[in-house]
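Report on the structure given below.
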Amino acid sequence: MCQSSIQDIRIDQVKGVGPKTVQKLIQLGIETVEDLFFHIPFRYEDLQEREITSLLDQEKVVLRGTVVSPPLVSFYGNKKSRLWFKMAVDEYNIISVVFFNQHYLKNSIVLGESVAVYGKWQANRQELLAMKLLGKQSSQDFSPIYRTVQGLKQGQIQKIIRQAFVDYGSLIEEDLPDYVNDYFDLLPLNQALYAMHFPANDQEYQYAKHKLKVREAFKYQWQLQGMKHDQETQKGYQIHYDLDQLRRAIQAIPFELTKSQKQAVNAICYDFLQVYPMQRLLQGDVGSGKTLVAFLAMIATVSAGFQACLMAPTEILAIQHQVAFNRYFEAVGLHAELLTSQMDPTQKSQVISGLKTGRIRLVIGTHALFQAGVSYKDLAFVVIDEQHRFGVGQRQALSEKAAGDFKANNLQMTATPIPRSLAQTLYANLNVTSLEELPSGRQPIETKLLEEGQMDQVFESIQDQVEKGHQVYYVLPMIQSSDAMADVENVENVVLTLKQRFPNYRIGLLHGQLSKEAQLFSMDQFKKGEMDILVATSMVEVGVDVPNATLMVIQSAERFGLAQLHQLRGRVGRSNLPSYCLLVAQIKTEQAKKRLQMMVESQDGFALSKEDLKIRGMGDILGRNQSGLPEFQLIHPIEDQELLLNIYKMVAYLQSHLEKLSNMEQQRLKTLLTRTKMEY
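Take the sequence shown: its letters are residues 1 to 680, numbered as in the UniProt record's numbering.
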């Protein structure tokens, strides 16, 4: 039977691919020829020939020259070998070339002939530590490097892919509409894929990469914007809230809402009146008051006779939210219950029963809110705090607790804000609201960068704050040593050090390996002021609110990203008291110092998140496989921001003008959306 689709052709049908190789390829997720074509190199070795006068020590380069001495092979140790010869690279320079454990190349190196060699330049010895013999003529300027597994060499992968193009390259079908290809002046897909594997030069590679970037972003946007259109056809709870009750709740708050908070509440209340369910992201800097906005939206929901819930990622945070809600609003007759997996069974059963009958209208909890045994009478509004800490399926499971055919209104919150235009494109299935100001009275947090040899300054700062009656966080990135991070002091060692230094201070411990009861006890003691110093891992990063805490010490600060450092810093400065953050780091490079210096100079979470995206990428900042955002393989969210925005606008236009696409182009779209391999 004639096979016409690369999706249907098994990898063992490529000439020269045997059963053992098939198993290796399957480990890489390569089962079909389509998978193979889209197994794009993750980097390239630069094979462009260089002049010796331009080289830096230890630089990986390609040098071409004439062999001026016979190649010599010597053996040593356990079957190890050394192949050595002299090569004239120009009229004035003769260098040594050394291959280790590649003695079989001797017959390919002929006195008087020209060869190109790839290796690491040793300037002091005028020697090239060779890695690869490129032969008499180098056919391309770049050599692809692929993800692989043990037993499958780079050369094998290249050979298999080259053979696959010979056998089946003509079957690669275009899957972007002509409208898109023409607008961006893109290569055909088959040419782009071939050039990604075997680029003749940098220009060809850039054209190919641009094609696949557009393709990657277009598929993502088409799916997300399509999802948004689908959401707007679903039935949602219309929440005709009681404006007077909402105003009374606002008046019960002992401070004035910021302009951004008022705008956010208005946007949510507007969504409540629509016939389709709300899907909104509320993002804001640390301490900008997102949770209070959510509380008011929950009150609006209850005023219309429905139930509302808020899900937090940790029990500590859930308890804190419940206490805060009741502190603000019990005076106006509103009370939120708590539901977590660690509750007393009798109390937990009573809460679950109250949710089912509708007796309980407001609940704040953890993952327990969406468990199988929990049901709601008329859940109309769901808040997900720190949304990237939950899987997409978990968020959906809670939203689906709404009764009947209706979908609950959904508000997701994040304290890792990204620029508005970028948020618009990355969260294209959500409406985005940003809180861009802090409540009045908040003072900037004075931040200092210290080397690990400056611990005396740290201890002096701790003593100064505790003697004033204030409290201190001391945060580390881990709780036990490992081979990769053996130089990081663990939590227990720091506690011992601090107790020796400050024997009269009350010092506590908080980390993920403690029991839930021990975690809650430590946090409760700290919040009540019964603990002077809390030594913790980064689990205090999110939401913990202790106004009397005025000093944050972050050990091994170089191990954290900027966004996470900013989150940790935000645990202090939550009152009108002057607050401080000490970043204690082992700074090995100028780049690392420059990155941490940004924390000293900036208090702007949006700017720091943007810089973090530049450095670390989206998955690391917003949570891999959690945020629902793609792990783009070629697109960089900052460098390609303009491209993302253009494609966002194009997709919005095309989805509302499908008549612009021919039947063939619409069929191409179906192919694109059903392709199993979009990871580059």
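C-beta: ideal position from N, C-alpha, C; glycine also.
As the crow flies, the alpha-carbon of P277 is around 15 angstroms from that of Y241. Between the alpha carbons of Q471 and Q154 lies a gap of roughly 56 angstroms. Bounds of any beta strand (DSSP E) do not take in G393; it lies within the alpha helix (DSSP H) bounded by V392 to S399. In this structure, V67 keeps its C-beta atom at 8 angstroms or more from the C-beta atom of L105. Taken through DSSP and simplified to helix, strand or coil, Q443 comes out as coil. Within the region 257-295, complete alpha helix (DSSP H) segments of at least 4 residues are found at 259-272, given in chain order.
Selection I239, P144, L281 and V265 evaluated against R247 yields V265 as nearest (Cα-Cα). For E639, the closest of E659, A652, K660 and D612 by C-alpha to C-alpha distance is D612. For I635, the closest C-alpha among the options E530, F218, S108 and L658 is that of F218. Annotation: Y92 to L128 spans about 16 angstroms, alpha carbon to alpha carbon. K593 sits in a helix when the DSSP states are folded into three classes. A check of alpha carbon separations from V62 across M664, A331, A116 and V584 identifies A116 as the nearest. As summarised for the region 1-31, the continuous alpha helix (DSSP H) elements at least 4 residues long and confined to that stretch are 19-27, given in chain order. By the neighbour-count criterion, in which a residue is buried when 16 or more other Cβ atoms sit within 10 angstroms of its Cβ, S108 is exposed. Residue range D202 to Q231 is occupied by the alpha helix (DSSP H) that includes G226, with no beta strand (DSSP E) assigned at that position. For F99, the beta-bridge partners assigned by DSSP are L83 and A130.
No Cβ-Cβ contact shorter than 8 angstroms links V363 with E330.
Boundaries of the beta strand (DSSP E) around M413: N409 to T414. Nearest Cα to N548 within the set S143, S538, K211 and Y580: Y580.
As the crow flies, the alpha-carbon of L426 is around 29 angstroms from that of D202. Here the region 258-275 does not lie against the region 349-361, with fewer than 3 beta-carbon pairs under 8 angstroms apart.
In this structure, the alpha-carbon of Q597 lies about 22 angstroms from that of G287. For M311, DSSP records a beta bridge to G365 and I384.
Residue pairing for L509: DSSP places it in a beta bridge opposite V535. A Cβ-Cβ distance of about 11 angstroms is found for the pair D182 and E665, leaving them out of contact under the 8 angstroms criterion. Shown here for R595: same chain residues with a beta carbon closer than 7 angstroms to its own, the five before and five after excluded, namely L562 and I615 in chain order. When the beta-carbon positions are compared, Y168 and V17 stay at least 8 angstroms from each other. Your pair V491 and L476 checks out as a contact, with CB atoms roughly 6 angstroms apart and the cut at 8 angstroms. A straight-line Cα-Cα distance of about 53 angstroms links Q371 and E204.
Here F295 is buried: its Cβ has 16 or more other Cβ atoms, across all protein chains shown, within 10 Å. Closest option to L36, judged by alpha-carbon separation, among I445, I268 and H197: H197. Judged by their CB atoms, R574 and M552 are not nearer to each other than the 8 angstroms cut-off. Taking the C-beta atoms as reference points, I52 is found no nearer than 8 angstroms to V97.
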